[in-house]
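Heads up: the sequence lines are chains A and B, in that order. Going by the working numbering, the first sequence opens with residue 1, and the numbers climb by one from there. Going by the working numbering, the second sequence opens with residue 1001, and the numbers climb by one from there. Beta carbons: idealized from backbone N, C-alpha and C, even for Gly. Quick notes on the structure that follows.
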Amino acid sequence: MAKNRKPKLAVWKFSSCDGCQLSLLDCEDELLAVADSVEIAYFLEASRAEIAGPYDISLVEGSITTPHEIERIKKVRAQSRALISIGACATVGGIQALKNYRNVDDLIMTVYAHPEYIDTLTTSTAIADHVTVDFELRGCPINKEQLLELINATLNARKPNVSQHSQCIECKLAGTVCVMVSQGKPCLGPITQAGCGNVCPRCDRGCYGCFGPKETPNPAALSTRMKELGLSDREVKHFYRLFNTGAPAFHDEGNAHE
Amino acid sequence: MSKKRIIKVDALARVEGEGALYLRVKDNKIKDLKFRIYEPPRFFEALLQGRIYSDAPDITARICGICPMAYIMGASHAMEDSLGVQVTGALRDLRRLAYCGEWIESHVLHVFLLHAPDFLGYQDSIQLSKDHPEVVKKALNLKKIGNKIIEVIGGRAIHPVNLAVGGFHGAPKKKEVKGLAEGLKWGIETSRELALLVGSFTFPDYTYDYTSVSMRHADEYAITEGNIISSRGLDIPISEFENHFDEEHVAHSNALHGVMGDGSKPYLTGPIARYNNNFNQLSPLAKETAKAAGLEKTVNNPFKSIVVRMVETLYAFEEALRLVEAYETLEAAHIEITPKAGRGTGCTEAPRGICYHRYELDEEGRIETARIMPPTSQNQKQIERDLWGVVEGHLHLPDEDLKWVCEQAIRNYDPCISCATHFLKLTVDRD
């Protein structure tokens, strides 16, 4: 990118809760500095000003759930130098990917009086299922420090420092006592990627998998342990079928307990 | 010059989610006006079917990243109603404290990052910060304190993890809770200063005789509990909500429109409705600040919602400080629950207004049916009504300015479109 020009940042929303793009506005101490180092060219949640593409960095939140979104993500890709998907919806389809296990007509009938007004796909899928993605940032929601690191790394053309090890490592590093060992609570930590700041075990709660599978996970072994702790097959299945149910490791293990 | 005007806002900015406005004007008269929510449907009510009762707070939190507390708490209350448990005493106080955190972060985000730029003629808060850096820095710090409350009680600011049906997973540490006090004292002082600042803005000329619908509690400015009341004399328990309020599905929107029981009348929920119904229950400082910021006891100009939000922010800081000072380490973090079949309802005052939940559970405590009515869909009909009035009063403006005042009018509601789709583009057609 030319040295005399600030890189252009765009933030795009697909099917989502807005929580991940809110993470950028939640960088209270860093927001004005970020706004100094990049040109916020398109960020509807924050500004009515729109600057035309192409964009140096596009942050994409949300999953693909409508025919219109398929067309829109292709246009975003075509205008973006680096396309980064942020959050569980954008990286694996999010909580709304629970619809992938259901008949979509039944879903529409359950919620809406006039199904004919609704235009939706039968699935909720990741951004990378439709276009090439340069980096995927995990989390439901994403961690704002990881987001700042990622923006910084991308601006400086270096690899972002985002660990792919498990929550267990994060708990050990933080000195958090294991809730599964000490209290027998079911916990997805052994197979879930670190990054949230081990928020659940610090609250005496088992991890529920917001950051998706870690590198080389072994969910079958974890399921065996969860059953020893007294969970039924249905409870084990639902443990995997949450915000990251679209991730293959979670999806397959959930199905194994169908 | 042709007399035909078409004004379109294809993707409304500074709102949470995706919405649009279409306006067609002929011979200086509005021919068509549609406020459209095109946020894709995510089918939460259907996806909850078959899940255990305790999953509802975590799943429904994902309806909205700005007000997850409203969903966590509404779902929890509905489940507790169904399962026959009551969360009282210190656990209840801690929930109210966490909810004050959400009011603060959500209100300050909306007032300074999303809405104030409209009143001062800036495209966004970043531009605003170039001319008024101290104001924006103070606002960001207020917001940060709100988030900090949620982090201390809930474990995480967006989608907190520590709240559950029956109370909390773990007891928040006394030292961390007490550590909030200093920031809250600064927050009381600073939110009063900023309330007076927004009170000095110029407000577009428009009023409406609203039917204000809010919760009301016997002993306090209602946030987490109470009856549902209207400014026209309705006073019902939450369990009777669906007998008096309904939603209609219209072709131009993916959000269901809230209507009063007779099927036609719009109503208002949110900060102005709460303020109009429960003014007497505000703190002396909040009442005095409201007066000093130019508010009457009843507000009927929706553009003054920005001032009401700051008065409520001040009140939330005062309440939070009171609750922090009273906090003692919990003896038990939650009430033990035995699953059983039943039906339960829950409603809380989300930053944008009342958020209603109803669930039916089977004997194992699994969800058979779910119904959620978020505040933005309840307000949608009233937003369209306001837009008619605002457009009629501003037809003399050129298209670009008319478009901006329409956007500003929609932002009066702090519309959370992600929530409502279970909300805006402006298209103005001048024939």
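Item, Value
"Ser23/A classed as buried or exposed, judged by whether at least 16 other C-beta atoms fall within 10 angstroms", "buried"
"Simplified DSSP assignment, three categories, for Gly87/A", "helix"
"Three-pair Cβ contact test at 8 Å for the region 1226 to 1245 of chain B versus the region 1283 to 1293 of chain B", "no"
"Straight-line gap, Gly1155/B to Val1161/B (C-alpha atoms, nearest Å)", "6 Å"
"Contact residues within the region 78 to 111 of chain A, judged by C-beta distance below 8 Å to chain B", "Gly94, Ile95, Gln96, Leu98, Lys99, Arg102, Asp106, Leu107, Ile108, Thr110, Val111"
"Where Gln1378/B falls, given that 16 or more other Cβ within 10 Å makes a residue buried", "buried"
"Assigned exposure category for Trp1388/B - 16 Cβ within 10 Å defines buried", "exposed"
"Per-residue DSSP class, three states only, for Ser80/A", "strand"
"Beta-carbon gap between Asp129/A and Thr66/A smaller than 9 Å", "no"
"Beta-carbon spacing of Met1079/B, Ala1098/B below 9 Å", "no"
"Span of the alpha helix (DSSP H) around Thr110/A", "104 to 111"
"Stretch pair the region 1033 to 1047 of chain B + the region 103 to 114 of chain A: three plus CB contacts closer than 8 Å", "yes"
"Three-way DSSP call (helix, strand, coil) for Gly1353/B in this model", "strand"
"Beta-carbon proximity of Val1135/B to Met1310/B, cut-off 9 Å", "no"
"Beta carbon proximity, His1115/B to chain A, threshold 9 Å", "no"
"Stretch pair the region 1122 to 1134 of chain B + the region 1167 to 1176 of chain B: three plus CB contacts closer than 8 Å", "no"
"Strand pairing of Gly970/B, partner residues [DSSP]", "Lying outside 1001 to 1431, the shown extent of chain B, residue 970/B is not represented and no answer is given."
"Cα-Cα separation between Glu136/A and Ser85/A, rounded to whole angstroms", "5 Å"
"CA nearest to the CA of Asp1362/B, picked from Leu1128/B, Gly1344/B, Lys1004/B, Lys1137/B", "Gly1344/B"
"Contact residues within the region 1368 to 1390 of chain B, judged by C-beta distance below 7 Å to chain A", "none"
"Short Cβ contact (9 Å threshold) for Gly94/A with Arg1062/B", "yes"
"Between the CA atoms of Ile191/A and Glu215/A - distance to the nearest angstrom", "8 Å"
"Partners in chain A for Ala1320/B, counting only beta-carbon separations shorter than 7 Å", "Chain A residues near Ala1320/B: none, gap ~17 Å exceeds 7 Å."
"Beta-carbon proximity check, Gly254/A vs Ala88/A, cutoff 9 Å", "no"
"Distance CB(Glu28/A)-CB(Asn1147/B) smaller than 9 Å", "yes"
"Contact set between the region 25 to 39 of chain A and chain B, restricted to residues whose Cβ is under 8 Å from the partner", "Leu25, Asp26, Glu28, Asp29, Leu31, Leu32, Ala35"
"Same chain, Cβ closer than 7 Å to Asn1301/B, neighbours up to 5 away in sequence not counted", "Phe1203, Tyr1206, Thr1207"
"Residues that Trp12/A bridges to, as DSSP identifies them", "Val60/A"
"Residues from the region 115 to 149 of chain A in contact with chain B, defined by Cβ distance under 7 Å", "Tyr117, Ile118, Thr120, Cys140, Pro141"
"Beta-carbon proximity of Gly1470/B to Ser1054/B, cut-off 9 Å", "The shown model of chain B, from 1001 to 1431, leaves out residue 1470/B, and the question about it has no answer."
"Nearest-angstrom Cβ-Cβ length linking Leu1196/B and Ala1293/B, presumed shorter than 8 Å", "5 Å"
"Option in Gln164/A, Gly189/A, His165/A with minimal Cα separation from Thr176/A", "Gly189/A"
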